[in-house]
Each structure stands twice: as C-alpha cells, then as structure tokens.
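First comes the structure, then the notes that go with it.
2 protein chains.
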Amino acid sequence: MRIVKSASNENSTSEREDWYQDLVLKTELAEHGPVKGTMVIRPYGYAIWEAIQGELDRRIKLELGAQNAYFPLFIPEHFIKREKEHVEGFSPELAVVTHAGGKKLAEPLIVRPTSETVIGASFHKWINSYRDLPLVINQWANVVRWELRTRMFLRTSEFLWQEGHSAHATQDEASALSRKALEMYARFIEEFLAIPGVSGTKSESERFAGAEVTYAVEGLMRDGKALQLATSHELGVHFAKSFGTEFSDQNGVRQTPYQTSWGASTRLIGAIILAHSDERGLRLPPKVAPVQVVVVPISPDSLVRRAVAKLGEELTARGIRFYVDERDETPGFKFNHWEQKGVPLRVEIGPRDVKAKKAQFVRRDTGEHTAHALTTAGVRAWEMLQQIHDGLYDQALEFRTRHTHRPKAFTEVTRILKDEGGFVELLWCGRASCEAKMKRETTATLRVLPFAKEHSGRCGICGNAARTTALFAKAY
Amino acid sequence: MRIVKSASNENSTSEREDWYQDLVLKTELAEHGPVKGTMVIRPYGYAIWEAIQGELDRRIKLELGAQNAYFPLFIPEHFIKREKEHVEGFSPELAVVTHAGGKKLAEPLIVRPTSETVIGASFHKWINSYRDLPLVINQWANVVRWELRTRMFLRTSEFLWQEGHSAHATQDEASALSRKALEMYARFIEEFLAIPGVSGTKSESERFAGAEVTYAVEGLMRDGKALQLATSHELGVHFAKSFGTEFSDQNGVRQTPYQTSWGASTRLIGAIILAHSDERGLRLPPKVAPVQVVVVPISPDSLVRRAVAKLGEELTARGIRFYVDERDETPGFKFNHWEQKGVPLRVEIGPRDVKAKKAQFVRRDTGEHTAHALTTAGVRAWEMLQQIHDGLYDQALEFRTRHTHRPKAFTEVTRILKDEGGFVELLWCGRASCEAKMKRETTATLRVLPFAKEHSGRCGICGNAARTTALFAKAY
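Chains as they are written, first to last, in this note's numbering: chain B, 124 to 599; chain S, 124 to 599.
Here's what the structure looks like:
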C-alpha cells in the first residue's frame with residue numbers, strides 16, 4: 124500500500140478504496156452480502172475474528188471480571204426512546220421490523236444497534252442491593268446500523284462485536300472500570316494486533332449517544348487516516364434513571380447506580396489490513412494469522428518430504444498454525460499467493476537445503492531471507508514469529524511517529540491535513556466552534572484528547588487560551 | 124420433577140410448564156425478554172452454552188472438516204422465495220424488516236430463520252470446479268422464527284445455534300457427510316450432555332422445508348415427552364439449482380453439487396433441564412456445569428479455611444471449575460441453593476472433618492454421601508465427576524428403556540400415549556394417513572424412523588404390510 128501523498132485528491136481516494144476492496148476480495152477475507160452494505164465474512168477472515176474473540180474474551184473475563192450473557196436482538200421501539208440523546212443519535216441508522224408471523228406488529232421492533240436499553244431493562248431486574256454491584260456483563264453479538272457509505276469490516280450495516288455493560292455503586296468505580304476496559308483494549312491491540320494506539324477522551328461532538336464521557340483508542344493507518352479501534356463509555360445514571368433502576372446502599376438508602384459500556388468489533392480486522400498491508404498484500408500479525416507459517420517444499424523429492432514432515436511435527440508440538448503447500452503449482456506462484464495472504468513466515472525446503480541440513484526462512488514483515496539448521500527450525504520459527512510481531516509493531520509505531528505533526532501556524536495545520544495526512548497534535552481551547560472550523564476547512568475531525576498531555580498555551584485554531592491537547596486527523 | 128402419569132390432563136401440563144419456567148427463572152438460567160417470545164440468557168445459562176459451543180465447535184472442525192464463517196442476518200425477500208418448499212415451510216414464521224435508515228425499503232428484508240439461501244448465494248460464487256469440493260462451512264449465529272407458543276430454550280422467537288452447510292460432487296458423499304454430522308451430534312449429546320439419543324430418519328411430514336432427507340436425534344424427557352435435539356438434512360440439488368450453482372467435474376462436464384445442512388441450538392440447554400432435573404432442581408452434567416464442584420466450609424475456623432484452600436489448589440490443578448461458598452448463610456441454605464442450581468458435586472469440610480483428615484462428598488445425581496481423605500480429595504473429585512456423568516446417563520437410559528413401549532393392539536398404543544407418555548415403537552406402513560390418524564387420536568407425532576430396525580410385519584395402525592419401524596411420542 125502506497126503512503127498516499129495527496130489525500131485531498133479525489134482520484135487517489137477512490138483508488139485507495141479500490142485497493143482496499145480488491146485486497147479483501149482477493150485474499151478471501153470477505154465479500155459483499157446480497158443486501159447492500161452487508162458482508163459475508165469468509166473462513167480466512169473469520170479465523171482472524173476467532174483469534175481476536177478467543178483472546179479478548181479471556182482478557183474481558185480475567186481483567187474486568189465480566190460474565191458473558193446474551194440479550195435479545197429485537198428491542199421494543201419505546202425502549203430505545205427512553206433515553207433522549209440515545210434515540211436521537213441512533214434513529215437515522217435503525218432497521219425496523221414491522222411484520223412478523225404474517226401479521227403487522229402492534230409495536231415496531233428495532234434490530235439492536237447496541238444494547239444499552241435492553242440490558243438496562245435486565246439490570247433493573249437484577250439490581251436491588253449494593254450486594255448486586257458491581258455487575259459486569261459482556262455479550263458477543265451482531266448489531267445493525269444502517270449506513271449509507273459502507274466498506275467491508277470498516278463500516279457495514281451489520282457487524283459483529285462484543286459489548287460490555289457494567290453497573291456500579293459510585294461514579295468513581297464506574298469511571299475506573301471504564302478506564303480499565305480502555306486500557307485492556309489498548310494493550311490487546313498492541314500485543315495481539317501489533318498496532319500502537321493513542322488512548323484518550325472524545326470531545327463532546329464525538330461522544331457516544333447517551334454517554335457522559337467517551338474514551339477511545341485511535342490508530343493511524345498507512346494511508347494517513349485515523350481509525351477508531353475501541354471505545355469505552357461512562358454512561359452516568361442516564362440509563363439507570365430511564366429504567367428506574369435503584370439499589371439500597373449499606374445504610375438502606377435507595378441510590379441510582381452508575382453504568383458503563385465498552386466495545387470492539389470486526390472493524391479490528393479492517394484495522395489490521397489498513398495498518399500493516401504493503402504493495403504485495405496483507406501482512407498479518409502472527410498472533411491472529413490463521414496460517415502463521417507456510418511451508419513450501421521446493422520439489423516432491425522424498426528426502427524433502429521427510430524433512431517437511433519432521434518440521435511439521437515440531438511446529439505442531441509448539442502449537443504453531445501452519446500449512447504445507449503441496450499444490451501442483453510453481454514455487455513462485457505459491458510465494459506470491461501466501462505473501463498476498465499475509466502469512467507471517469514462509470519456510471522453503473528444497474533438495475539442496477536437505478543436503479545442507481538447512482531450511483530457508485522468509486519473513487513477511489521485512490522480506491528478509493535467512494537459512495536455519497533443520498534440526499532447530501521448529502524453535503527458530505517460534506522465535507521468529509515473536510520477532511515478526513515486534514517488527515510489524517515497530518514499523519507501525521515508526522510510521523505513526525513520523526506522521527504525527529505538531530505545526531505552529533494554522534495554515535500549516537490545514538496544509539498537512541490536506542496534503543500529507545497523519546495525526547496533527549494541537550493545543551485546543553475546548554470550544555466546539557474551533558472543532559467545527561477544523562472540520563469545515565480540512566474535513567479532519569478531533570480523534571481524541573490524549574491522556575496526560577500538556578495544556579498550557581494557545582489554541583492552535585483560534586489563538587485563545589488552550590485547555591487541552593487534541594489530536595486531529597481525517598478518519599474512516 | 125415428577126414423572127407425570129396423566130400426560131393428557133390439561134392441568135398437569137400447565138403445572139409442568141410452570142415447574143419448568145419457575146426452575147429456569149429461579150436458577151437464573153434465563154428470563155423473558157421485553158419482546159414476547161424472546162429470552163435473556165443469563166450468565167449461568169450462557170456459561171452452559173459456552174461449554175457446549177467450545178466442544179461442539181472443536182468436533183465440527185475436527186470430525187467434519189468444517190471451517191467457520193459468518194453470513195448476513197438479513198436475507199432479501201426474493202432469495203427466500205427461490206426454493207418453493209423452503210419458503211412455504213418458513214413463511215408463517217418470518218420476521219420482516221420494512222424500514223431502515225429512516226426510509227421504506229424497496230424490497231423487504233427477512234431476518235434469517237436459517238441460512239440455506241444466503242449461503243447458497245455464496246456457494247454459487249465459491250464453487251466452480253470439482254477442486255472446490257467438498258466445501259464444508261459452519262456458522263454460529265442467532266436466528267429468528269416467529270412462534271406463537273414459546274418456552275425458554277425450547278422454542279423462542281430468537282435462538283442461538285450453529286448451522287453447518289456443505290456441498291459435494293456426488294449424492295453419496297453428501298449423504299455420508301449428513302450422516303456423519305448426525306453421528307457427531309448423537310455422540311456429543313451422550314458424551315457431554317449425558318442424554319441417550321435415538322437417531323433416525325424423519326418421515327416426510329416432519330422433514331425440513333426444502334430437504335430430501337432429514338435425520339434427527341430425539342431424546343426422551345422425564346415427563347415422557349420427546350424433544351428433537353439435533354437435525355441433519357440432505358438437501359439434494361434443490362438449493363444449488365435455485366441459485367444456478369454448478370461445477371466442472373474431472374472431465375470438464377458441468378454438474379450440480381449436492382448440499383447438506385445440520386444444526387443444534389440453545390434448545391440443548393432445555394434438553395439438559397428436562398432430561399435430568401428432579402424434585403430438588405437442576406442436575407447438570409459435569410462437562411457443561413458452570414460450577415462442577417461447590418465447596419462449603421462448615422465453619423469459618425482457620426483450620427477449615429486452610430483445608431479448603433489446599434483443596435482449591437488441587438481442583439485448580441485438575442482444571443475443575445469450582446466455587447467456595449463463604450457467604451454468610453447457613454450450610455443448609457447453601458446445600459439447597461446449590462442442589463437447585465444442579466452443581467454435580469458438593470464437598471463439605473467442617474472442624475470435625477479436618478480433625479479426621481476427611482472431606483464429605485455429596486453427589487447430586489444420587490444424593491450419596493461419602494467421606495474421603497483430605498490428602499486425595501482433589502483426585503477423588505475428578506474421578507467422581509466422571510462417575511456422576513455416567514450416573515446421569517445411566518438414569519436417563521434406564522428411564523428411556525422403561526418408557527419405550529412396544530404394544531401390539533392400537534387401543535393399547537393410544538392408551539399408553541395418552542396416559543403414560545414415553546416412546547411407542549411400532550411397525551409402520553409408511554403412509555401419511557396412518558401418521559395423521561395417530562396424531563389425531565393421541566396428539567403424538569412420528570419422531571423418527573430409527574436406523575437398523577426390523578420392518579417385516581404389519582403396520583401397528585392400519586394393519587397393512589409394514590415398511591419400517593417408527594417411534595411415536597408426544598413432543599415439545
């Protein structure tokens with residue numbers, strides 16, 4: 124993938140979209156569904172989702188103490204309307220069931236765009252005493268948000284996600300859990316997807332509909348655009364109040380619990396594609412790659428076959444997901460095929476290698492070729508997968524560092540956002556009017572107010588006293 | 124749970140329904156959702172589903188060679204209409220989205236009741252050559268079937284399931300895969316859920332809408348009613364023809380592939396409840412029990428606490444899911460609580476036990492109390508969980524054997540089905556009119572034509588020459 128120089132150029136934007144879509148289709152990650160804006164997640168893409176799910180589920184249970192549950196897909200229309208900001212935010216995107224079982228329904232049903240309201244109704248039943256708190260619930264589910272402009276994995280009418288929901292006795296506890304969820308996502312995204320994220324708070328205009336505070340992890344993609352990777356919300360008492368949920372505290376006084384919600388979705392697969400791909404195709408982080416090592420025998424020679432079988436045993440013993448490509452195709456064809464598919468490590472073994480007791484390793488992140496003793500090839504492959512993870516992460520971090528700008532003059536800000544892309548870090552006065560001006564002049568949005576940044580000085584947009592540091596970028 | 128003597132009695136039927144619903148609610152497996160016919164699967168119920176999913180997913184991949192994928196929730200109305208029998212079978216149960224994004228849709232969207240059609244469209248794209256076959260795909264998803272009479276887990280408007288779909292070059296291969304899937308379900312249900320199933324073929328009237336052959340595993344519940352536990356279908360070329368799917372065989376001739384589909388759902392949780400529960404509450408099979416062992420310290424004594432901690436370490440080392448109940452409640456309260464929740468094994472440790480270096484074990488399946496040396500209590504617990512699985516299975520098998528009748532006279536058949544419940548095994552002529560007569564006179568349906576049964580003799584309903592053995596029962 125090119126680092127596009129002129130992000131304002133319409134042609135190059137649509138070229139980039141073609142490039143992305145072609146790659147998703149060619150590598151068989153996904154394809155368009157029959158209904159506009161939907162997608163079929165094909166086995167190669169779904170295996171990445173399974174790897175994400177497995178590890179994220181483990182962390183959500185272990186680090187946040189959550190229990191999984193499942194809530195209905197259909198939400199009565201009057202539920203969604205209970206929280207005013209929530210319904211205002213979501214109503215343009217709702218899909219509505221009006222008929223079922225051959226009859227018109229008395230009340231239309233909303234296909235869940237998110238589950239705060241339906242979970243709010245259960246929380247109302249489950250919470251009665253301080254002993255019932257904290258309550259931390261997670262759900263893996265599909266949700267529907269009717270979108271006009273869709274792109275596979277990044278923005279689809281239906282997507283898969285997990286949504287966590289918690290209730291707490293105090294605002295401090297709720298806030299702490301919400302921050303802890305955000306940190307969990309940021310670490311997971313670094314440690315599993317090899318993407319460095321910027322964590323922070325959203326401005327009011329980008330806040331979740333019905334939240335008091337929205338936190339997010341933002342990533343910088345290799346085309347210079349930002350992508351929101353995960354979010355976590357402090358919901359205050361909004362939803363608890365709408366559902367009349369109260370608990371008796373230790374003194375028997377009725378109180379309203381504070382809630383949070385937090386989620387990550389199949390969009391993470393889009394992030395992997397946009398953060399790591401190069402001219403040759405995908406580069407999958409080893410921890411989520413469906414095939415971590417592809418072994419290509421250079422000839423059908425029986426000595427080669429024996430060496431490959433021996434290596435296969437060692438890879439199996441180390442729990443490495445590998446594939447031996449014995450198809451009737453040329454080695455060159457296979458190399459290209461697996462490079463495009465983003466397999467982190469290729470091991471080639473030919474007759475000369477067997478004679479020299481060697482295997483050839485080719486890293487997908489650097490393209491580097493090295494020869495390794497056959498006797499220790501299994502353990503070397505295992506070590507190299509960790510190095511490839513680090514390699515991808517370092518490249519992404521280096522890219523982000525190089526494309527995070529701190530210009531002084533506003534004309535320079537607009538030039539960078541229009542021509543170069545990347546993050547622009549500015550001091551900001553906190554006023555929506557400045558945020559709106561930036562959007563109007565550059566189409567860039569305020570991605571996040573990064574944690575623990577300086578805030579003394581002048582707003583980079585209006586010149587008034589600054590309140591905080593803000594990160595701007597064009598975004599998906 | 125009583126074995127109801129008079130299944131035809133309306134009062135006792137509704138009593139049983141109350142009993143079932145009360146148990147589901149009290150044990151916190153699930154609760155009703157806000158939309159009629161939907162349910163919230165609570166953490167205790169969802170943990171059972173996670174155990175089922177984990178093992179079934181492993182077997183589906185390993186034994187059937189399936190790959191997981193995900194297909195859209197929304198199906199265009201004209202898709203569902205492509206296969207005539209399919210749409211006739213499902214149309215009374217469909218939920219329809221008519222509006223989305225604030226507008227009326229040009230074409231209504233069906234919320235998937237099953238995914239043959241939307242997967243058929245993808246198969247059409249993916250299959251072009253014999254090299255693309257066999258294609259074996261599995262999906263974990265929610266589906267919606269609008270039902271009038273609903274019961275949590277057994278029949279809900281929305282439920283969770285896996286649906287497998289395959290395509291093959293020949294009918295024989297398709298048939299073999301369909302049978303293999305059925306055998307996988309039957310073994311899983313025995314080995315994991317401790318329920319003995321009867322496998323066989325469905326009669327034409329009970330066949331899946333659009334299938335040529337439907338296989339099923341049927342279980343007998345402790346109230347004498349049958350419950351369908353899993354199904355597998357040979358779809359012939361119906362769906363491939365509707366989507367124009369063809370492949371080039373080894374001679375370059377275009378052929379139509381044969382398809383199958385097979386599924387199991389959250390209904391399996393209903394089966395666990397109905398097959399194993401007794402007067403005191405649930406009895407969960409150890410392999411799916413969220414808590415396999417509950418440890419109840421009889422006093423807060425520090426020696427007791429030390430013994431409990433030691434046992435906890437041993438249980439952890441053996442991968443046993445356990446819970447130490449240190450709540451401020453009486454031991455009797457705790458015993459009742461965990462018995463109702465169906466925890467397979469209770470371990471009690473009091474000061475006298477510690478002195479005697481013993482722990483008291485109480486099996487949920489038999490109620491048996493035994494004392495075991497503290498030093499080996501961990502390994503004994505592990506062994507006993509296997510024995511409890513076998514104990515539940517043997518009781519269920521013994522129950523089924525005792526309630527499988529082979530009456531000669533039709534008057535005896537109707538008396539048994541009306542008054543005693545259970546399975547009635549009969550020779551059958553194969554005619555739908557006899558099946559209909561049975562249903563009219565007893566409300567019992569033909570559950571399955573068991574594999575490898577005799578078929579020479581006279582039809583137990585009309586007296587004409589028999590073609591097969593059929594199993595009748597009242598069913599959920």
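Don't be surprised by glycine CBs; every beta carbon is placed ideally from N, CA and C.
| Check | Outcome |
| --- | --- |
| Counting only Cβ-Cβ distances shorter than 8 Å, please list the residues of the segment 239 to 250 of chain B near chain S, keeping chain order. | V241, A244, S245, K248 |
| When you compare the CB positions of S425/B and G473/B, do they come within less than 7 Å of one another, or not? | no |
| CB F366/S to CB G243/S, shorter than 7 Å? | yes |
| Under three-state DSSP, which class holds E296/S? | helix |
| Would you give the residue range spanned by the beta strand (DSSP E) that N587/S belongs to? | That residue, N587/S, is in no beta strand (DSSP E); it is neither H nor E in DSSP. |
| Cα-Cα, which of F484/S, K480/S, E270/S is closest to R469/S? | F484/S |
| Run through DSSP, which three-state label would M162/B get? | strand |
| Output the distance between the C-alpha atoms of H155/S and K248/S, rounded to the nearest integer angstrom. | 40 Å |
| So what does K184/B bridge to, in DSSP terms? | Looking at the DSSP assignment, K184/B forms no beta bridge with any residue, so it has no partner. |
| For H460/S, name the three-state secondary structure that DSSP assigns. | helix |
| Can you tell me the Cα-Cα spacing of A192/B and R274/S, whole angstroms? | 18 Å |
| Residue range of the beta strand (DSSP E) that E357/S falls in? | 349 to 359 |
| Going along chain S in order, which residues have a C-beta closer than 8 Å to the C-beta of I183/B? | None at all; the shortest Cβ gap to chain S is about 13 Å. |
| Check whether chain S comes within 7 Å of N261/B, counting only Cβ atoms and requiring the distance to be less than that. | no |
| Is there a Cβ of chain S sitting closer than 7 Å to that of F197/B, yes or no? | yes |
| Could you tell me which chain B residues have their CB closer than 7 Å to the CB of H222/S, listed as they occur along the chain? | V219, T221 |
| Inspect the CB distances between the segment 373 to 386 of chain B and the segment 286 to 297 of chain B and report whether three or more fall short of 8 Å. | yes |
| When we look at the beta-carbon of G177/B and count the other beta-carbons within 10 Å, is it buried (16 or more) or exposed? | exposed |
| Would a C-beta distance cut-off of 7 Å place S280/S and T161/S closer than the cut-off? | yes |
| Along the alpha helix (DSSP H) that carries F154/S, what are the first and last residues, could you check? | Checking the sequence, you will find Glu at residue 154/S rather than Phe. Element bounds for E154/S: not the alpha helix (DSSP H) but the beta strand (DSSP E), 153 to 155. |
| List the residues of chain S that W269/B touches, going by C-beta distances under 7 Å, in chain order. | A223, G224 |
| I want to know whether the segment 449 to 467 of chain S touches the segment 493 to 503 of chain S - three or more CB-CB distances under 8 Å. | no |
| For K433/B, name the three-state secondary structure that DSSP assigns. | helix |
| Taking a Cβ distance cut-off of 9 Å, strictly less, list which residues of the segment 159 to 172 of chain S are near chain B, in chain order. | T161, M162, V163, I164, R165, P166, Y167, G168, Y169, A170, W172 |
| Which bits of chain B does Q382/S rub up against, with CB to CB less than 7 Å? | None at all; the shortest Cβ gap to chain B is about 17 Å. |
| Which of the residues in the segment 201 to 214 of chain S, read from start to end, lie with their CB under 8 Å from any CB of chain B? | F202, S214 |
| For the putative contact between R139/S and L196/S, defined by C-beta atoms under 8 Å, what is the C-beta separation to the nearest angstrom? | The pair is not a contact, with the Cβ atoms about 34 Å apart (cut-off 8 Å). |
| Closer than 6 Å to a non-hydrogen atom of the ligand HEM - does that hold for the CB of D346/S? | The ligand HEM is not among the ligands present in this structure, which contains no ligands whatsoever. |
| Any beta carbon of chain B sitting closer than 7 Å to that of Y599/S? | no |
| Return the CA-CA distance between L594/S and L277/B, expressed in angstroms with no decimal places. | 51 Å |
| Strictly by DSSP, which residues pair up with Q483/B? | E471/B, A494/B |
| Helix or strand or just coil, what does DSSP make of S110/S? | Since the first and last residues shown for chain S are 124 and 599, residue 110/S lies out of range. |
| Chain S partners of Q190/B, CB-CB under 8 Å? | P166, Y169, A170 |
| Using 7 Å as the threshold, is the C-beta distance between P257/S and S289/S below it? | yes |
| Check S137/S in the structure and name its three-state DSSP category. | helix |
| Just the C-alpha distance for M344/S and E543/S, rounded to the nearest angstrom, thanks. | 13 Å |
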